[in-house]
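Under the working numbering, the residues of the sequence shown are numbered 1 to 217, in order.
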Amino acid sequence: MNIHSIDTLYEGKRVEERDGQWICPVCSKVYKQKKSAENHLRKQNCHSVVDVFGDTEYEQKAFMFFKNLQANKGKGYRPTIKSFRKSRLYKGVVMYVVSCIANDVDQGLMYSFLNEIVGFSHDNAILSNGQDMKWVKAYRSFVHNHPEISDSKEYYEQYGDVLIEEPDFLIQSIEKAKISAGWIEKKPKLLRAVEDLPIGYRMRLMDILKEAEESGW
Ligand SMILES: [Zn+2]
Numbered sequence: 001m002n003i004h005s006i007d008t009l010y011e012g013k014r015v016e017e018r019d020g021q022w023i024c025p026v027c028s029k030v031y032k033q034k035k036s037a038e039n040h041l042r043k044q045n046c047h048s049v050v051d052v053f054g055d056t057e058y059e060q061k062a063f064m065f066f067k068n069l070q071a072n073k074g075k076g077y078r079p080t081i082k083s084f085r086k087s088r089l090y091k092g093v094v095m096y097v098v099s100c101i102a103n104d105v106d107q108g109l110m111y112s113f114l115n116e117i118v119g120f121s122h123d124n125a126i127l128s129n130g131q132d133m134k135w136v137k138a139y140r141s142f143v144h145n146h147p148e149i150s151d152s153k154e155y156y157e158q159y160g161d162v163l164i165e166e167p168d169f170l171i172q173s174i175e176k177a178k179i180s181a182g183w184i185e186k187k188p189k190l191l192r193a194v195e196d197l198p199i200g201y202r203m204r205l206m207d208i209l210k211e212a213e214e215s216g217w
């Protein structure tokens, strides 16, 4: 199921009267004056993350991630979708997972990087920094500098032929750190494809390598 657009969430909604008070149909906030309730509803900004992402594929992926997160803590807490939605981490996890999907970043590796390498210790700090492009870039630099932690091998097994044949796909894969610069050197065929890249692409590659080196991660 697709995400619910903001317009759809408010479409056809009207404030409801109950015991002489006026209630917002979206967030259930109570008003004494009908006019105040209507003004509030008109702003269309009282929906929650679950209103937008509830029962979508994003929420399912976020729930899987949340379950793994809890399992790794080893405290025996087994969340259900209901308890996940009530969790104080719900919004953070959903937004983090949506961001990782948009940036094509592995959720688990990114989390480990922020936790174990950068040193953020609280879930909320990890989840919100994980959405910050500054840390997405730092993570990619880290992958380039540490080929052993990346999924380069699996990625190469899956897409090797395309990487060698399509310069566009190759440079984009390196830019996203789907394949680590440090790992390329171990694969002669891939290294040759990189050396044969047109000049414009080679310059993009130089930028990536320079940024990775200067990042210090
Ligand atoms: Zn409301």
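Note that the Cβ used here is the ideal one computed from N, Cα and C, for glycine as well.
Three or more Cβ pairs closer than 8 angstroms define a contact, and the region 120 to 129 meets that threshold against the region 78 to 95. By a beta-carbon distance limit of 8 angstroms, residue 58 contacts residue 97. Their separation comes to about 6 angstroms. Residues of the same chain with a CB within less than 7 angstroms of the CB of residue 44, apart from the 5 flanking positions on each side, are 6 and 10 in chain order.
Ranked by how close their Cα comes to the Cα of residue 145, the residues 102, 217 and 108 have 217 in first place.
By the neighbour-count criterion, in which a residue is buried when 16 or more other Cβ atoms sit within 10 angstroms of its Cβ, residue 139 is buried. Between residue 173 and residue 143, the C-beta spacing is not below 7 angstroms. Straight-line spacing of the CA atoms in residue 52 and residue 185 works out to 44 angstroms. By the Cβ rule, the region 195 to 205 counts as touching the region 155 to 171, because three or more pairs are nearer than 8 angstroms. Non-local C-beta neighbours of residue 101 in its own chain, meaning closer than 8 angstroms and more than five positions away in sequence, comprise 58 and 61, ordered along the chain.
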